[in-house]
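When you line the sequence shown up against mature numbering (1 follows the signal peptide of the UniProt record, and there is no 0), it's residues -25 to -1, 1 to 952, in that order. Each residue gets a CB set at the ideal place from its N, CA and C atoms; glycine is no exception. Remarks on the structure that follows.
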Amino acid sequence: MKRDMFNRFLLFLLVILLYPCLFHSHSLHLNSTPITFSVCLPHQSSILLQLKTEFTFQRREYYDDILNNSYPKMKSWKAGSDCCSSWDGVSCDMATGYVMSLDLSMSWLHGPLHSNSSLFRLLHLHELNLSFNNFTSCPIPSEFGQLSRLTHLNLSHSVFSGHIPISEISRLTNLISLDLSYYFYELDGNDLTGALHMKEGEVGRLTQNMTNLRRIYLDSVQIDSHVPVDFANLSSLTHLSFWRCNLLGKVPNSIGNLKSLNILILQYCSFSGIIPSSIGNLTELKHLYLESNGFSGQISYSFGNLTQLEDLILSSNSFSGKLPMSLPHRVKSIDFRDNDLTGSIPSDISNLTFLEWLDLSNNSFTEVIPGSLFKLPSLTCLSLENNQFTGYLNIQNVSNSSQLESLILSGNNLTGHIPSSVSKFTMLSYLNLDSNDFSGRLDFGIFLEKSSLSSLVLSNNRGLFITNLSTTSTLSNQFQGIYLSSCNIKEFPIFLKTQGKLEALDLSNNNISNPIPRWLLSIGTETLYNLNLSHNFIHGWEKAPLILPWKVMDTLDLHSNMLHGSLVVPPMSTTYFSISENSLVGRIDPLFCKLRDLRYLDLSSNNLSGTIPQCLGNFSSSLLVLNLRGNNLNGNMPSSCGDGNQLQTLDLSYNNLHGKIPQSLIKCKELQILNLGHNQMTDTFPFMVQSFSKLQVLILSSNKFYGPIWHPHSFFGFVNLYIIDLSFNDFTGSLLSQYFQNWTSMEETSYNKSQLKYIGEGSYSYSVTVVNKGQNLLYIRIFTFFMCIDFSNNKFHGEIPRTIGDLQTLVVLNLSSNNFTGPIPPSLENLIKLESLDLSKNKLSGQIPQQFTRLTFLEYLNLSDNELVGPIPQAGQIGTFENSSFEGNWGLCGPPLSKKCGTSPLPPHDNEKSGDSILSGFGWEAVGIGYGCGLIIGLMPGYIITSRSPYLAFKIFRVIPPRRLRGVNSCKRFKLK
Ligand SMILES: *[C@@H]1O[C@H](CO)[C@@H](O)[C@H](O)[C@H]1NC(C)=O
Ligand SMILES: *[C@@H]1O[C@H](CO)[C@@H](O)[C@H](O)[C@H]1NC(C)=O
Ligand SMILES: *[C@@H]1O[C@H](CO)[C@@H](O)[C@H](O)[C@H]1NC(C)=O
């Protein structure tokens, strides 16, 4: 009891002290209201104690940052203490002792909220906040309708689901604020949008009688409505938020009725059409967020009327045309990124003296950037990335009071010198001039004096010569990120010696030839997570370490250099490591097995020898890509794939591996690409690969595989395969007509151009091309509709099954140099996408089907050295091929062969045939330059993107972006509420 008194006294003191702060907005005066402190009414506290028993307490998953300081508030609810003064989250009416307000947000409540919950007996509640708990997907009880005094109701992010009880909630006519949002979808790609839903017209019904309603948040509530919400009767609303609402259609004109609106958020919905000009009537509007919809048309001129507007966020829509003549005068942030806007930036943009953020990136703006833009006094972030701005960068007389922090002009056509004034912005921390046409000499010293600049990107300005990289100054600026790719740099910049806090360094695509200096290994040892030295002429290490020193390294790219000596081991934290296309020798150190976080390992195109460490096959559950192609590795293929592995790409081709494919391969269930070509492996066909439902590329060519490739009990077709290359092996047997059943990836039905993907997409840029070592390796990504079957140079016999005609999206078919007999199946006419057909060097007989004239895409045809007879069809594409396509068939006649039709065919002599087989390899190679599965450079440039330059290849096809700069590439986004 004493303690209680003491508490009350303390509270009294506190209130006296805080009174002016707490209540200053209500014009109450100390003297005018008698201060009474009531103790919690017993029945109120017993209701609360009852409520406490209804849940368990469990910290919610996710939202770590938000829930960081959360705790189970109800733990402080104890019988015997005053619920009004000492229970967390409870406030009472001072006069009556009734619980007026209950704030149980982030209170770890776990379990369903039942309709008989004692919560619904707190009839005096005015404010109720249950956000960020976990009511385990129970529906929102309709009993909320009983709490008729509620002015504030917040049920957001609390894992409710199902239909919102509209009629009951609509009875809460005193509501001022209603929040039923649900943002859960953001996490882990879990899209729980629509866990709560409403039907057509229910937004109107819900709010019909809520005449005091000011704020309504229905983010992520699924509203099944094709008719847009009618906003007519929400005229006192100040906040309206639909985020991820999947509302369709146009925003109705009636939006103009919401005259009090302060904040309007209609983001990530499916709105389309133009924005009604009535939006210009919303003169109180301060924040307008319309990001990620399908809005189109010009950006409405009526925005100019919105004199209070501070945020105008229209990004990721389809707005087109020029910028409006007048923009709201007080606007602070303009985000028009990702639209189709054109024209120039009007120079009177300099009137927007309040402008802090301007993001016009990813549009098609042209002409010069007006110099006045850089003088806007409040501007902190300017992003004009990926447009077509031209001309000089006109930055002059930078004001000392400039607020500019981020200047992002990458991906334009800016020319001329980079003006030294760019270093004069006193607050600038992130400068990105990547991928322009800047040229001339640039004194790097100007950036070293600056103290605020932390990330600098000057990459890909091919005419730019950076000088003074070797200055060292103890006063030098400390950078976090330096990106100087393709800047004509010839040696390691000495200034880096002082950069102890470096996090990212990109010196790729330069002309650096000296060895990696010893001092480089001592910079950023605690901070560097991204190092790219690829595409230089680096000759090795000044002193080669065994393990590289950087403690937090993530992405380490040393590929395409002239590194020799033995292979270094990347730091243990590395997730991406490429050192391909160097001249490394020696073995792969077993220490590689300790790299537990490694996702991409590319050691291809070196001269590594020895066996593949056994552990490398199964060492890590994080490994996605293992590429050891083009080395001299020998021994057996390691048994691969431990439990829970995610391996997607396994390329061991062009080595000297012997023996069999280990049985453990069957655990590599996620494999998309398996390339064992050009080894010495001796085994039967690995039927287990069929259980890899994602397999897209299977290459076993040029080994000693043998036996049949079909088995009545173990072959069921391939559902996802695009490329299969079994050429140059000893496979035997015939292909039964069942063989090509269930190759659904190659059937027309699954062919959908709008869903074009690259093979291996999302993981690693994969090319099936190997150009001889010593030459530049071209990176090629293959679209999934490049479909290819190469069974050439084996010992298959029997007829070519008719069902091959079902593989309607086939582009390359090579069955040459086998012992196929019988006729060419006329069903081949269905392969209308076929561009290359090679059936040469078999024993095919009969006539060439007339239907072949339908194959209009055919660019390469080889039917030579068979036993075909009769006239060569003359119509269509087939009439355009030369002698060589048909010769060696004694019975064929008609152009282009000189033999006239009419004379009877003679069978060929056996000895004439046998001489060919020795030559067939050469013949195949010559042909293969264009048309084998594994060699497809130059074939169909429309389908395959080949790199124009090694750099470009890197830039386009490197799928894993270096981790984003700590600075931002678009202007900072901020969240309201
Ligand atoms: C809510 O609880 C359920 C059941 O315990 C659980 O499966 C779910 O992951 C939890 N959700 C959150 C966001 O914590
Ligand atoms: C709104 O109030 C009117 C008049 O009291 C009533 O007829 C109507 O049903 C109410 N609407 C809703 C949705 O509850
Ligand atoms: C909105 O403004 C237009 C003029 O721009 C006016 O004609 C219209 O009546 C206004 N609408 C409302 C709902 O006030």
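Can you give me the Cβ contacts of Thr31 inside the same chain, cut-off strictly under 7 Å, excluding the 5 residues immediately before and after it? The residue given as residue 31 occupies position 56 in the sequence shown. Around Thr31: His85 and Gly86.
Expected contact under 8 Å - CB spacing of Leu289 and Asp310 to nearest Å: For the purposes of this step, residue 289 is taken as the residue at position 314 of the sequence shown. For the purposes of this step, residue 310 is taken as the residue at position 335 of the sequence shown. Right, their Cβ atoms sit about 7 Å apart.
Integer-rounded CB distance, given that Leu531 should sit under 8 Å from Pro520: Taking the sequence shown and counting its residues from 1, one reaches residue 520 at position 545. Taking the sequence shown and counting its residues from 1, one reaches residue 531 at position 556. The pair is not a contact, with the Cβ atoms about 13 Å apart (cut-off 8 Å).
Cross-strand partners of Pro846 (DSSP beta bridge): For this step, residue 846 is matched to residue 871 along the sequence shown. Per DSSP, Cys868.
Quick check for students: name the residue ranges of the beta strand (DSSP E) that lie wholly in the stretch 191 to 236, counting only runs of 3 or more. 197 to 199 and 214 to 218
Output the boundary residues of the beta strand (DSSP E) element that contains Cys568. Indexing the sequence shown from 1 puts residue 568 at position 593. Careful: Cys568 lies outside any beta strand (DSSP E) and carries neither H nor E.
By DSSP, does His18 sit in helix, in strand, or in coil? Locating residue 18 in the sequence shown gives position 43, where the first residue counts as 1. His18 falls in the helix class under three-state DSSP.
N-terminal and C-terminal residue of the beta strand (DSSP E) that Ser66 is part of: Translated into the one-based positions of the sequence shown, residue 66 becomes position 91. First-last of the beta strand (DSSP E) with Ser66: Val65 to Cys67.
Between Ser80, Val560 and Ser385, which has its C-alpha nearest Asn43's C-alpha? Start at 1 with the first residue of the sequence shown, and residue 43 comes out as number 68. The shortest Cα separation from Asn43 among Ser80, Val560 and Ser385 belongs to Ser80.
Taking any heavy atom of ligand 2 as the mark, which residues have a C-beta closer than 5 Å to it, listed down the chain? Ser145, Arg180, Gln183 and Asn184
At 3 residues or longer, and completely inside the stretch 450 to 483: list those beta strand (DSSP E) runs for me, N to C. 456 to 458 and 479 to 481
Just to check, is the beta-carbon of Thr111 closer than 7 Å to a non-hydrogen atom of ligand 1? Translated into positions along the sequence shown, residue 111 becomes position 136. Yes - ligand 1 has a heavy atom lying nearer than 7 Å to the Cβ of Thr111.
Check whether the Cβ of His85 lies closer than 7 Å to any heavy atom of ligand 1, and answer yes or no. Counting from 1 along the sequence shown, the entry for residue 85 is found at position 110. True, at least one ligand heavy atom lies under 7 Å from that Cβ.
Using the three-state DSSP reduction, which class does Asn326 fall into: helix, strand or coil? Within the sequence shown, numbered from 1, the residue matching residue 326 stands at position 351. Note: Asn326 maps to helix in three-state DSSP.
Taking 7 Å as the line, does the beta carbon of residue 973 fall inside it for any heavy atom of ligand 1? Given that the chain is displayed from residue -25 to residue 952, the structure contains no residue 973 and the question cannot be resolved.
According to the neighbour-count rule (16 or more other Cβ atoms, all chains shown, within 10 Å of its Cβ), is Thr126 buried or exposed? One-based indexing of the sequence shown puts residue 126 at position 151. Answer is buried; the Cβ neighbour count reaches 16.
6 Å Cβ shell around Met185 - same chain, five flanking residues per side excluded: Here residue 185 refers to the residue found at position 210 of the sequence shown. Within the same chain, Met185 has close Cβ partners Thr148 and Leu150.
Can you round the beta-carbon distance between Asn369 and Ile344 to whole angstroms, since I take them to be within the 8 Å contact cut? Within the sequence shown, residue 369 is the residue found at index 394, counting from 1. Within the sequence shown, residue 344 is the residue found at index 369, counting from 1. Confirmed, about 7 Å.
In chain order, what residues of the same chain lie with their CB nearer than 8 Å to the CB of Asn187, ignoring the 5 residues before and after it? For this step, residue 187 is matched to residue 212 along the sequence shown. Closer than 8 Å at Cβ, skipping near neighbours: Thr126, Thr148, Asn149, Leu150, Ile151 and Ser211.
In chain order, what residues of the same chain have a beta carbon less than 8 Å from the beta carbon of Asn606, not counting five sequence neighbours either side? To locate residue 606, count along the sequence shown from 1; it is residue 631. Excluding residues within five positions, the ones whose Cβ falls inside 8 Å are Leu578, Ser579, Ser580, Asn581, Asn582, Leu583, Ser584, Tyr629 and Asn630.
With a threshold of 7 Å, establish whether the CB of Arg35 neighbours any heavy atom of ligand 1. Counting from 1 along the sequence shown, the entry for residue 35 is found at position 60. Answer for Arg35: yes, Cβ within range of ligand 1.
Grouping DSSP H, G and I as helix and E and B as strand, with all else coil, what is Gly851? Locating residue 851 in the sequence shown gives position 876, counting from the first residue. Coil, per DSSP.
Quick one: any contact between the stretch 96 to 105 and the stretch 45 to 53, if contact means 3 or more CB pairs under 8 Å? no
Alpha carbons only, please: which of Leu843, Phe856, Ser117 and Gly845 is nearest the one belonging to Ser811? Locating residue 811 in the sequence shown gives position 836, counting from the first residue. Selected option, being the one with the closest Cα: Phe856.
Where the beta strand (DSSP E) containing Thr182 begins and where it ends: In the sequence shown, residue 182 corresponds to position 207, counting from 1. Unbroken run through Thr182 is the alpha helix (DSSP H), Glu177 to Thr182; no beta strand (DSSP E).
For Gln242, write down the residues that DSSP places opposite it in a beta bridge. Residue 242 sits at position 267 when you count from the first residue of the sequence shown. Its beta-bridge partners are Trp218.
Go to Glu143, then tell me how far its alpha helix (DSSP H) extends in each direction, as first and last residue. As a working mapping, residue 143 is identified with position 168 in the sequence shown. Per DSSP, Glu143 belongs to the alpha helix (DSSP H) from Ile141 to Ile144.
If you drop the 5 nearest sequence neighbours on each side, which residues of the same chain put their C-beta closer than 6 Å to that of Asn484? As a working mapping, residue 484 is identified with position 509 in the sequence shown. Taken in chain order, the residues that qualify are Ser460, Ser461, His510 and Tyr926.
Using the C-alpha atoms, what's the distance from Leu506 back to Ser792? Within the sequence shown, residue 792 is the residue found at index 817, counting from 1. Within the sequence shown, residue 506 is the residue found at index 531, counting from 1. Whole-angstrom Cα-Cα distance: 48 Å.
Cα separation between Gly917 and Phe861? Here the question's residue 917 lines up with position 942 in the sequence shown. Here the question's residue 861 lines up with position 886 in the sequence shown. Its pLDDT being 24, under 50, Gly917 is placed unreliably in this model, and the coordinates cannot settle the point.
Alpha-carbon to alpha-carbon, Ile421 and Cys356: Reading the sequence shown from its first residue, position 381 is the one you call residue 356. Reading the sequence shown from its first residue, position 446 is the one you call residue 421. Cys356 and Ile421: Cα-Cα distance of roughly 21 Å.
For the beta strand (DSSP E) holding Cys763, just list the boundary residues, first then last. Residue numbering aside, residue 763 sits at position 788 when the sequence shown is read from its first letter. Where Cys763 is concerned, the enclosing beta strand (DSSP E) stretches over Met762 to Asp765.
C-beta contact flag for His392 and Gly366 at 8 Å: The residue you call residue 392 lines up with position 417 of the sequence shown. The residue you call residue 366 lines up with position 391 of the sequence shown. Not in contact: His392 and Gly366 (Cβ atoms no closer than 8 Å).
Can you tell me whether Phe30 is helix, strand or coil according to DSSP? For this step, residue 30 is matched to residue 55 along the sequence shown. If DSSP states are grouped into helix, strand and coil, Phe30 belongs with coil.
Would you kindly work out how many angstroms separate the C-alpha atoms of Ser93 and Arg219, rounded to a whole number? The sequence position of residue 93 within the sequence shown is 118, counting from 1. The sequence position of residue 219 within the sequence shown is 244, counting from 1. Rounded to whole angstroms, Ser93 to Arg219 spans 33 Å at the Cα level.
Option in His534, Gly561 and Leu533 with minimal Cα separation from Leu542: Position 567 of the sequence shown, counted from the start, is the residue given in the question as residue 542. It is Gly561 whose Cα lies nearest to the Cα of Leu542.
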